[in-house]
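Protein chains in written order, with numbering that gives the first Met the number 0: chain A, 0 to 87; chain B, 0 to 855.
Just so you know, even glycine gets a beta-carbon here, dropped at the ideal spot from N, CA and C.
Below: the structure, in C-alpha cells.
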Amino acid sequence: MDWKGYTAIYVVLFAFATAQAVVEFAGLVDSAYWVAFALIMVLSVVKAVGVAAYYQHLRWEPRAVTYLVLGGTVAALALTGAAAYSIL
Amino acid sequence: MSQDHEHGLPPKSSVSRWFLTTNHKDIGVLYLITALFFLLFGGVLALLFRLELISSGADLLGSMGYNQAVSTHGLLMVFWFISPFAFGFANYVVPLQIGADDLAFPRLNALSYWLYLFSGILMGVSFFQGTTFAGGWTMYAPLNTPAYIPGEGLGATSVVLALIMFTAAVTLGSVNFLTTMYRMRAEGLRMRDIPIFSLSINLTVWMMLFAFAALLAALMILASDHILGTTYFQYSIDGTTMATDADNPGASLLWAHLFWFFGHPEVYIVFFPALGVMAECFQTFTGRRLVGRKWFIISMVLVALQSFVVWMHHMFLTGINLPIKTIFMATTIGISLPFDLMVFSLIYTMAKGRVRFTTPFLFSLGALILFIIGGITGVFLGAIVLDYQFRGTYWVVAHFHYVMVSGATALFGGLYYWYPKITGKMYNERLGKIHFGVYFLGFNLLYFPMFIAWETPRRVFVYPEGLQIWHSMATVGGFILGASFLIMFYNLFVSLWRGEDVGPNPWEYATSAEWAVSSPPPLENFPGIPSYATGKLEFLDDETVAERTESTPGAAAHGHAATDGGTATDGGAVTARAAVTATEMEPAHEVGGEEHASHASFWPFLISLAGFITFLGLSGVRTGSVFYLSLAAVGGLGTFGSLLGMTRELFHAPEMAIAERWPFERVEKMKLGMWTFLASDIVLFGAFIGSYAFVRVAYGWTAWHHDLIPAEHVTMPGLINTYLLLTSSFLVVIAMVAAERESKRGTVAALVGTFALGVGFLINKGLEWQHLFHISTESFPNGWTLSTNIASSTFYLTTGLHGAHVTIGLIICAYMTVRAWNGAYQGDDRAIEYFGLYWHFVDIVWLFLFPLFYIL
Ligand SMILES: [Cu+2]
C-alpha cells in the first residue's frame, strides 16, 4: 500500500472517531442508551479492524497471524462475557 | 572446531560462565538446579506445617506462622518449583528435539531465567518484611488487600510483586518458545511429527501465553490496590447484604474470576510437560511408538482449548448463577474425556511393548497411577452437588496433590531420563529404584490418608479429634517423601564423578534427536543443519546449504531476510518486548556463514537484579520510607540503563538458513515474536477491560455513570487524545513508507511527529487527571482520585496502563528517531514496521478505552 491508501484509511478513522462523539453530543446516550452503546461499539470495532488490517498489515500476512490475534481476543471476550453473565 | 565455537563464553568450570551464558542448555541446567532449590524451600515449609498438624491447634508455628507456611508453600511449589523444573527440560531438550541450535532469542531466554530467579529471591525476602503473605495460595479477595492484612503488610506486597516478576519471565519464555518452534524446526519436521515432549511444551506455552496474561492483569490490579490505593478488591458494607449494599459488590468475585481463568489452565500448564515426559519414557522403555499417537495429540489440543472454559468449577459455592454453574459443570466433565483417551493410550503402549523397568519408567508409571487416582477424585469436585460437600475440605487438598505431585513424579522420571544426556554420566540404577520405592511409599502415606480424613477443613490448623491418626500418618509420609530426595540428590551428585560415561544414546529405543548427538551435546548442538527431508535425520554441511539457498533464489532471499544480523537483535525489555523493534536490522551475514560474535551477555542478569531492587523498593513506598523510596529510584534507573545497554549490545542470533516454518513461513522471527507478545498483551488489556465491565455490571451498568462519575469527567479530552493517537499511528506508517523510499528526512520527520503527538497525548491526559483530582463538588468534595470509588479506580488504572504503554512506545520512538537521524532504516523499514505493530496496538486499545471510559 502506498501513502495515498494509508491516508484514505486515516481519514476514515478520523471520521469514525468523530461520529462516536457526535452520537454522544446528539444526546443519544441519554435518550436511547443501548442503541447508542451498540452504535459506538460497532464503530470502535470497525476502526480497530481497519487499523489491524491496514496499518498492521494483517491483510497481507499469513492467516495464521490473524488467528493468533483472534485467539487472544476470543480468550479476553470469553473471560469478560462469561464473568459478566455469571452475575446477571 | 568446537573450541572456537564457545561463542565468547568462558568455560563451564568458571563461575562467570553461568552469569553470562545465553545458551539454552546452560540455562536449562540453571533452571533445573534453581527449581530443585525451590522444591526444598517449599518442601521444608510443608514439613513444618505437617509437624504442626500432628495434633490439632497451632502450638508449634503459631497461627500466623502456620498461615504463612501454608500460603507460601503453595505459591512456591506451583510457581517456583514445578513449572520452572519442567522448563529446565524444555530449555535443554526442545531445541535438540526440533533441530535448532538454540532458542530464537537467546538473551531473552537468559532474561527469563534471571527474572525467575530474582522473583524467587524477592519471595524469600518477603519473609523478612514482618510477615509474608498469609492468605492462602489462591489469594482470595479481600484478604489479599492491605486493609485485611495484619501489620504493615509489606511482605504481602512483595509476594504480589514477586509473582508479577515471575509472570514477566513466563511471558517472555512463552514468546520465545513459540517463535522457536514455529521458525526453527529442522527441514521436513512437521508440527505433528515433533517428538511428543516438545509437542507437550508447545501446547503448554500456548496456554501460558494467554493464561499468564490474565494472571498478570489480576496481579497488576492487586499491586495497584496495594501500592497506589485503588479499590478493586475492597469493599465496605453499610447494609445487610453484600450484593445490594456494598460500594463495590463485584470485588471478591472479580478476583476469583481472574485468578481461576488463569488457574485452571495452570493445572495443565503444570501437567502437560509431565505428560510429555511420561509419553517419551513409555515409548523408550517399552520400545513401542505411542499407541494412537494422533489421538493422543488431538486430545492434548482439545484439553488445551477447553482448559479456558472450565474455570468456574472453582466457584460453585460463590454467588454466580445456576445456569452458568451448570454450563461449567458440563465443560468440566467434558474435559475429563480426552484425558481418558490419553491414559488408555499410555496403558496400551505399555501392554503392547516389552517393558524395561528402569528408574525413569518407574517414575512415569507411578505418575500415571497417581494421576488416575487424582483425576477420578477430581471429577467428584466437578459435580456441583458433590462440590457443595467437598469444597474447602481435605478432599480438595488430597485430589490436587495427587494431580500436581503426580506431574512432579513424572518430571523426576524426566530428571533420571535426561541426566545421562545432560551430564554424560549414568546415575546409579539401583539407588534410583530405591528412590522410587521410598518416594512412592511416602507419597501415598502422605496424601492418601487425606482422602479418609477429608472432613478436615482446608487451610486451618484445627481438625476433629477422631482424625488425628490419619494426620499423624500423613506427617510420617511427608517425612518419608522428603527423605527420599536425599537418596536422589546423593545419587545424582555422586554419579557426576563416579557414574559410567555414556555415549550419545544410553537408552536402546530412544529415537528423538537429542539422542543422536554426544552426551552432553556440543555448544552448537549439531554438526550441520539438521534435516529430515529424506525421512531420517541428516546434517547438511555448509556447502550443501549454500548450494541450495543459491539455486532457489526465493529460498535464498528468504533465508537472507530471515537472518537478523546486526546488533541486539534478540532485543528485549521487561515491560515491553516492543523494545526489540528499536534494534538494528542490518543486512544479514552470509547464509550458513560462521558467526563469531559473542554469545555472552551480562545484561539479562543486570536487568533482573535492577528489577528486583525496583520491586523491593515498590513494596514499601506506601510507608513513605526513604529506604524503600531510594531503592525504587535506584532500581528503576538501573533497569532503564541495563535495558538500554542490552539494546545496544552486539548480539548475533541468525535464523536457520533452511527450516520448517509452517504456518509462519513468511513471518520473520522478530515479527512473529512481536505478534505473539501482542497476543498476550491483548489478553492483558482484555482482562483489564473485562474487570471494568465486571465490576460495573456488579454495581449496575447504567447507575454507575450517574452515581460514581463526576459531571466534570467530560468527553472532550478523550476525543482529542483519540485524534492525537490516530494521527501518530498514521505518521508511523508514513515513516515506514519514507524509509522504504530511502528518504532520510521523511523518516526522521515522521518519527519526530509520532513522538510529538504521543507526548501531546500524555500532556493532555496529565492535565485532565490533575483537573479531576482536584474537583470539589457536592458529590465529590475531596476530588475524584484513585481511591474515591470503584469507577475512579478502574478509570485511572486502565487508562494508566495504557499511558504506560504509550510511554514505553515513546522511549522506543525516541531511540529510533536518533538512529534514523544517523541514517538507519533506509531501504529496510522492518524495524519501523515492528515498532509500528506495537504502536498501532496501543492505538487500537485506546479506540475501546475512549468510548468505554468517556462516552458510555
Ligand atoms: Cu480447575
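- B/C812 and B/G757 do touch by the CB rule: their CB atoms are close to 7 Å apart, below 8 Å.
- The region 63-75 of chain B makes contact with the region 31-48 of chain B, as at least three CB pairs between them are under 8 Å.
- Not one heavy atom of ligand 1 falls within 7 Å of the beta-carbon of B/V302.
- Between A/V41 and chain B, the shortest Cβ-Cβ separation is not below 8 Å.
- Close to A/S85, with beta-carbon spacing below 7 Å, are these residues of chain B in chain order: M311, I319, N320 and I323.
- In this structure, the beta-carbon distance from B/T746 to B/A755 does not fall below 8 Å.
- Taking a cut-off of 8 Å on C-beta distances, the region 182-202 of chain B touches the region 87-98 of chain B, as three or more cross pairs fall below it.
- Taking a 10 Å sphere around the C-beta of B/P448, we find 16 or more other C-beta atoms and assign the residue as buried.
- Contacts with chain A (Cβ-Cβ distance below 9 Å) from the region 256-279 of chain B involve H256, L257 and F260, listed in chain order.
- For the pair of segments examined, the region 12-19 of chain A was found not to touch the region 803-822 of chain B: the number of CB pairs separated by less than 8 Å stays below three.
- Chain order gives the chain B residues near A/L67 as W674, T675 and A678, where near means a beta carbon separation below 8 Å.
- In this structure, the straight-line span from the alpha carbon of B/A652 to that of B/H712 is close to 50 Å.
- With respect to the 8 Å criterion, B/Y181 and B/L671 are classified as neighbours on the basis of their beta carbons.
- For B/H651, not one C-beta of chain A is nearer than 8 Å to its own C-beta.
- Residues of the region 699-723 of chain B with a Cβ closer than 7 Å to any Cβ of chain A, in chain order: T701, T714, L718, T721 and Y722.
- Taking 7 Å as the cut-off, the C-beta of B/H312 counts as close to a heavy atom of ligand 1.
- Excluding sequence positions up to five before and after B/A532, its CB lies within less than 8 Å of the CB of E186 and G187, all in the same chain and listed in chain order.
- The DSSP assignment places complete alpha helix (DSSP H) segments of no fewer than 4 residues inside the region 750-821 of chain B at 789-820, in order along the chain.
- Within the same chain, F315 and I383 come within 6 Å of B/K324 by CB-CB distance, once the 5 residues on both sides are set aside.
- Bounds of any alpha helix (DSSP H) do not take in B/F538; it lies within the beta strand (DSSP E) bounded by E537 to L539.
- For B/P149, no alpha helix (DSSP H) run applies, since DSSP gives it neither H nor E.
- Scanning its chain for C-beta atoms nearer than 8 Å, with the 5 sequence neighbours on each side dropped, one finds around B/M277 the residues L345, S363, A366, L367, A409 and G412, in chain order.
- DSSP places B/S54 outside both helix and strand once states are collapsed to three, so it counts as coil.
- Contact note: B/P141 does not reach chain A at a C-beta cutoff of 7 Å; the least C-beta distance is about 17 Å.
- Residue burial is scored here from C-beta neighbours: B/V124 has at least 16 other C-beta atoms within 10 angstroms and is therefore classed as buried.
- Bounds of any alpha helix (DSSP H) do not take in B/I528; it lies within the beta strand (DSSP E) bounded by I528 to S530.
- Put simply, the backbone Cα of B/L121 is about 15 Å away from that of B/F36.
- For the pair B/Y115 and B/I528, the Cα-to-Cα distance works out to about 32 Å.
- For B/L345, the secondary structure class from DSSP, reduced to helix, strand or coil, is helix.
- The three-state reading of DSSP puts B/R184 in strand, counting E and B together.
- By the C-beta density criterion, B/I32 is exposed, having fewer than 16 other C-beta atoms within 10 angstroms.
- Residues of chain A with a Cβ closer than 9 Å to the Cβ of B/S55 do not exist; the shortest Cβ-Cβ separation is about 37 Å.
- Taken in chain order, the whole beta strand (DSSP E) runs of length 3 or more contained in the region 306-387 of chain B number zero.
- Comparing alpha-carbon positions, the option among B/I612, B/F639 and B/P322 lying closest to B/S629 turns out to be B/I612.
- The alpha carbon of B/S679 has as its nearest neighbour, out of B/M206, B/S494 and B/E454, the alpha carbon of B/M206.
- In the same chain as B/I688, and ignoring 5 residues on each side of it, the C-beta atoms closer than 8 Å to its own belong to T797, F847, L848 and L851, in chain order.
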